[in-house]
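Chain order of the listed sequences is E and V. Each residue of the first sequence is one higher than the one before, counting from 0 in numbering that gives the first Met the number 0. Each residue of the second sequence is one higher than the one before, counting from 0 in numbering that gives the first Met the number 0. Just so it is clear, CB atoms sit at the ideal spot from N, CA and C, and this is done for glycine as well. Predicted model only: the values in this text are computed from it and were never measured. Take a look at the structure below.
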Amino acid sequence: MPEFVMPSLGADMDAGTVIEWRVGVGDVVRKGDVVAVVETDKSDLEVESFVVGTVAELLVPIGVRVAVGTPLARLTSTSAPSVPPPSVPPPSVPPPSVPPPSSFGAQESRSERRSDAQNAGAGAGAGAGDQGVGAGGDARLTSPVVRHLADELHVAVARLQGTGPGGRISRRDVEQAALRATPTRPTRERVTPRARRLARAHGMDSAALAATGRIVTGDDILAMVAAATTPGTTPAERPPVAPPAPPRPADGGDRMRRAIAATMARAWTEIPHYHAAMRIDVGATIAHLAVRNEGVPPARHVLASAVFLRAAALALRAVPELCGWWRNGAFVPGDGIHVATVVALRRGGLLAPVVRDAADKDLDAVMADLRDLVTRARNGRLRASEVDGATFTVTDLGETGADSLSPIIHPPQVAILGLGAVRPEPWATADGLLGVRPVLHATLAGDHRATDGRIGSRYLLALSDRLQEVGW
Amino acid sequence: MTTALDAVTAALSSVAPDVDLSRLDDDLYEELGLDSMDLLNLAAAIAERTGVEIPERDYGELRTLRAVAEYVAARQH
Numbered sequence: 000m001p002e003f004v005m006p007s008l009g010a011d012m013d014a015g016t017v018i019e020w021r022v023g024v025g026d027v028v029r030k031g032d033v034v035a036v037v038e039t040d041k042s043d044l045e046v047e048s049f050v051v052g053t054v055a056e057l058l059v060p061i062g063v064r065v066a067v068g069t070p071l072a073r074l075t076s077t078s079a080p081s082v083p084p085p086s087v088p089p090p091s092v093p094p095p096s097v098p099p100p101s102s103f104g105a106q107e108s109r110s111e112r113r114s115d116a117q118n119a120g121a122g123a124g125a126g127a128g129d130q131g132v133g134a135g136g137d138a139r140l141t142s143p144v145v146r147h148l149a150d151e152l153h154v155a156v157a158r159l160q161g162t163g164p165g166g167r168i169s170r171r172d173v174e175q176a177a178l179r180a181t182p183t184r185p186t187r188e189r190v191t192p193r194a195r196r197l198a199r200a201h202g203m204d205s206a207a208l209a210a211t212g213r214i215v216t217g218d219d220i221l222a223m224v225a226a227a228t229t230p231g232t233t234p235a236e237r238p239p240v241a242p243p244a245p246p247r248p249a250d251g252g253d254r255m256r257r258a259i260a261a262t263m264a265r266a267w268t269e270i271p272h273y274h275a276a277m278r279i280d281v282g283a284t285i286a287h288l289a290v291r292n293e294g295v296p297p298a299r300h301v302l303a304s305a306v307f308l309r310a311a312a313l314a315l316r317a318v319p320e321l322c323g324w325w326r327n328g329a330f331v332p333g334d335g336i337h338v339a340t341v342v343a344l345r346r347g348g349l350l351a352p353v354v355r356d357a358a359d360k361d362l363d364a365v366m367a368d369l370r371d372l373v374t375r376a377r378n379g380r381l382r383a384s385e386v387d388g389a390t391f392t393v394t395d396l397g398e399t400g401a402d403s404l405s406p407i408i409h410p411p412q413v414a415i416l417g418l419g420a421v422r423p424e425p426w427a428t429a430d431g432l433l434g435v436r437p438v439l440h441a442t443l444a445g446d447h448r449a450t451d452g453r454i455g456s457r458y459l460l461a462l463s464d465r466l467q468e469v470g471w
Numbered sequence: 000m001t002t003a004l005d006a007v008t009a010a011l012s013s014v015a016p017d018v019d020l021s022r023l024d025d026d027l028y029e030e031l032g033l034d035s036m037d038l039l040n041l042a043a044a045i046a047e048r049t050g051v052e053i054p055e056r057d058y059g060e061l062r063t064l065r066a067v068a069e070y071v072a073a074r075q076h
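See below:
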């Protein structure tokens, strides 16, 4: 019986909130279909299904924050239901409270990543039984998933009477206890980050909106703004829809800050970093781009950052030791060259959407991906699959940034490339003269457990070579 | 000028809805937090709305919303 579970959308995610179902009972779900929109500490993400089936039951109500690994929806198999698949567990195994390997969120990369997350009890990953021992409640009568849910909902498991077999406490028991105990939930879980953002931008009080007792989405805010806009008035003259919001002590920005803090603190304490740096003459790149973009409409322009990202991906072909993950004390090669690009959000914080198979794409395709991902990271929604599975990261400060940066690796990856602003600098030419060239400072951070500085150095040389080749 | 300014602010609103459009004289990069990708999207949105295409080499002098609007107004027919 396939299940759709709360996916882990990054090493730093312990829990998420379904803020929108895109399917209902009876709908047929195919692989890649968007099933729900999930709010994480960092952003709202559209999550897709990796399984095929018909939705039999939605298990988690909208707006309830649940642990990674919690079943969100039950599906019935649509293909040959009478023939069990060969991998079906033997009958002695209790009904799965964790997903079978084929179901959403239980992919190897996700479950393994969960296993080294700090709150290991939260999702427990695929294969963890119901007998896990954790803090709080009677571990014999609950699963880790249920205990985590109880924590989230502030329900004391020890005081609950289970209705399951042998007095086991089920998810439903916890949810019903939570409903009995807390008629009102914290308002910040009733307003999505996008809604908060838009509400702020339009001078509305998103907290007041939340008092309506349902989840307020960005679309709600936009609808209210549209409704409040009378023809002929400029934005400044528009009457405010609600009193201005007071400063909020714990909104989405703070939660993102906490998520970044946890990941980076872990990266900095666990990963022994080395940094290798190189100045690269990018005169050929800049000149080529200027010609390429001249007389072309802006919609088809290519930015230097796209060239750099593609060159970074191609250089990984020459130095595959930096492309992959550190897992369980060993390097695991990546399943492709999937390059995350760090996007700084204006409201604060970072997202790192992934250009998949970046080395196989031509420059226009990389630019199109980059533009789409960066724009949606800032303004709209990314899909869960678009922030997952990176095998390498590039962080590019852009034209107005500092000269260089020494970045921190995003676990479980083993390397990250930091690029500063391109600026004219003195440059010793091959014939022993001094010239002025546009120079890029590239800094490679490597996980010293996986590779040594020599590998990082080789990578930078390969990157420099790629950037000298005009006509990519 | 007013129509060019309206078009430019509408274009910016479409590519960066979280930017305060009343800050006409603030630096697009340093104060409003736009980057080269935003600028590219803004240029595309302006071209769509006004027909004025801003060549890349002119990006450097366009540091504020007002400067962009004046640039567009001077080239609109």
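According to DSSP, residue pairing for E/Trp-325 in a beta bridge involves E/Phe-330. Of the residues assessed, E/Asp-13 falls on the buried side of the cut-off, its CB having 16 or more other CB atoms within 10 angstroms.
Among the residues facing chain V, E/Gly-15 is not included, as its CB has no counterpart in that chain under 7 Å away. At a C-beta separation below 8 Å, E/Ser-304 has these neighbours in chain V: Ser-35, Met-36. The DSSP-derived three-state label of E/Met-5 is coil. Minimum Cα-Cα distance from E/Leu-74 among the listed residues E/Pro-1, E/Glu-19, E/Ile-18, E/Phe-49 corresponds to E/Pro-1. Between the alpha carbons of E/Asp-368 and E/Val-354 lies a gap of roughly 6 Å.
Beta-bridge annotation (DSSP): E/Met-277 is paired with E/Ala-441.
Excluding its 5 nearest sequence neighbours in each direction, E/Gly-52 has C-beta neighbours in its own chain below 7 Å: Pro-1, Val-28, Leu-74, Thr-75, Ser-76, Thr-77, listed in chain order. E/Leu-302 and E/Ala-55 have their alpha carbons spaced roughly 47 Å apart. The C-alpha of E/Pro-319 lies about 27 Å from the C-alpha of E/Arg-382. Counting only Cβ-Cβ distances below 7 Å, V/Leu-39 has contacts in chain E at Pro-297, His-300, Leu-302, in chain order. Its chain contains Val-36, Ser-42, Asp-43, Leu-44, Glu-45, Arg-193 as the residues whose beta carbon lies nearer than 8 Å to that of E/Arg-380, once the 5 sequence neighbours on both sides are disregarded; these appear in chain order. In this structure, the CA atom of E/Thr-162 is about 20 Å from the CA atom of E/Val-65.
For V/Glu-29, no beta strand (DSSP E) encloses it, and the DSSP letter there is neither H nor E. Excluding five sequence positions before and after E/Leu-396, the CB atoms of its chain that fall closer than 7 Å to its own CB belong to Leu-404, Leu-418, Gly-419, Ala-420, given in chain order. Under the DSSP assignment, E/Arg-291 falls outside any beta strand (DSSP E), being part of the alpha helix (DSSP H) whose first and last residues are 282-292. Contacts with chain V (Cβ-Cβ distance below 9 Å) from the stretch 357-375 of chain E involve Leu-369, Arg-370, Val-373, Thr-374, listed in chain order. Two segments are said to touch when three or more pairs of C-beta atoms, one from each, lie closer than 8 Å; by this definition the stretch 270-279 of chain E touches the stretch 444-451 of chain E. For E/Glu-398, a Cβ of chain V is located within less than 7 Å of the residue's own Cβ.
When DSSP states are grouped into helix, strand and coil, E/Gln-175 belongs to the helix group. Close CB contacts of E/Arg-436 within its chain, under the 6 Å cut and outside five residues either way in sequence, are with Asp-280, Gly-282, Trp-426 (chain order). Per DSSP, the continuous alpha helix (DSSP H) segment holding E/Arg-375 begins and ends at 362-378.
Under the three-state reduction of DSSP output, E/Gln-412 falls in the strand class. Counting along the chain, E/Ala-14 sits inside the beta strand (DSSP E) bounded by residues 14-20.
In this chain, the alpha helix (DSSP H) harbouring V/Glu-69 covers 64-74. Within its own chain, the residues whose Cβ lies closer than 7 Å to the Cβ of E/Tyr-458, once the five positions on either side in sequence are excluded, are Ala-314, Val-318, Leu-321, Leu-443, listed in chain order. Contact note: E/Arg-422 does not reach chain V at a C-beta cutoff of 7 Å; the least C-beta distance is about 13 Å. Between E/Arg-380 and chain V, the shortest Cβ-Cβ separation is not below 7 Å.
Proximity to E/Ala-441 across E/Leu-433, E/Val-393, E/Leu-432 peaks at E/Val-393, based on C-alpha coordinates.
Non-local beta-carbon contacts of V/Arg-48 in its own chain, meaning distances under 6 Å to residues more than five positions away in sequence, involve Ala-6, Ala-10 in chain order. Taking 7 Å as the cut-off, the beta carbon of V/Ala-68 is found closer than this to the beta carbon of V/Ala-3. For E/Gly-52, the enclosing beta strand (DSSP E) starts and ends at 52-57.
For V/Glu-47, the enclosing alpha helix (DSSP H) starts and ends at 35-49. Counting only residues of its own chain and dropping the five nearest sequence neighbours on each side, E/Lys-30 has a CB closer than 8 Å to the CB of Glu-47, Ser-48, Phe-49, Val-50, Val-51.
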